[in-house]
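In our numbering, the protein residues as written are 3 to 257. Working notes, structure below.
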C-alpha cells in the first residue's frame, strides 16, 4: 500500500486527497484538520500515534478510511482534474468564501470549481440562495423564476443546487436575465447531475460557477446532498425556500 502522504506535494494537494478519501462533514476529520492542517492529518492517519480526543478503538475506526491501495491513482486523478481545467479553492486563497469559515469543524476540506470563482469573493450580501422541492408546482417555478430574474437585475448572484423544479428555474431565469449564478452540487463538477440538466449545468459552468466539496468523478449520495445544505446556506446572506414539504431536503438549508 502506498501512503497517501507520499503523494502529497503541499497543503492544497493534501486537502484534495482528503476530499477523495473522507466523506464531507466528518466530525473527527474536521476537528483535526483545523488543529493540524491537511498534510499533518494525513501523516497522523498513517502512524500508530494516539489521535487527540479519540480512544484507541475510535482512532482505529477513523484511520480505516485512509487504508487505500490506490494512492498513486488518487494522485493521477489530481493531475487529470487540473488538465481538465477543474480548479480548487482552499482556506487562505483570495477567492475562498470566508463565510464558510463560520462552519468551524464542518468547513469543507476543499472546493472543486468550474467557472468564475471570483463570484465567491463578492460580499456576502450579494449572494442569495433559492431552493425548494424538486417536485415543484408550475406556480412555484414561476415564482422562483421571477425572484431569480429580479435578483439578477439587482446585480445579486443566485445560488441554487441545479436540481429539477425550483432550482433549475432559478438558474435559467438568472442566465436569461444576463445575471450571475452559482450551482452548488453534491457530485463531481465534471459529471452534471441530474443528467436531464446537463445542458443547463454546462451553461452555468461557462457563464457562472459550478462548485462542489466532493472530487471529480464523485456521484451524489443522500449524505452528500444533506451535507451540501450547509454550503448553500453559508454561501449567501439569505435563503429563500419557495415551496417544500416539511421533510424536504430543502428545509435543511433553512435550518
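Beta carbons are placed, not taken as given, at the ideal position from N, Cα and C, and that holds for glycine. None of the values given here were measured: they were computed from a predicted structure.
Cβ-Cβ distances below 8 angstroms link residue 226 to 25, 26, 188, 189, 216, 220 in the same chain, with the five nearest sequence neighbours on each side left out; the list follows chain order.
Counting only runs of at least 3 residues, the segment 80–162 fully encloses the following beta strand (DSSP E) elements, listed from N- to C-terminal order: 89–91, 113–117, 129–133, 159–162. Contact annotation: residue 171 and residue 146 have beta-carbon atoms nearer than 7 angstroms. For residue 44, the enclosing alpha helix (DSSP H) covers residues 40–48.
In this structure the segment 232–244 lies against the segment 92–102, because at least three pairs of beta carbons, one per stretch, are closer than 8 angstroms.
Contact between the segment 73–90 and the segment 45–52 is not established, with fewer than three Cβ pairs separated by less than 8 angstroms. Sorting 254, 182, 174 by C-alpha distance to the C-alpha of residue 199 places 174 at the top. Take residue 222, set aside five residues on each side of it, and the residues of its chain with a beta-carbon closer than 8 angstroms to its own are 187, 188, 189, 195, in chain order.
Judged by their CB atoms, residue 121 and residue 159 are nearer to each other than the 7 angstroms cut-off. Per DSSP, residue 185 lies in no alpha helix (DSSP H); the unbroken beta strand (DSSP E) holding it starts and ends at 182–186.
Taking a contact as a CB-CB distance under 8 angstroms, the pair residue 191 and residue 118 does not count as one, their CB atoms being some 13 angstroms apart. DSSP links residue 213 through a beta bridge to 115, 186. The bridge partners DSSP lists for residue 242 are 132.
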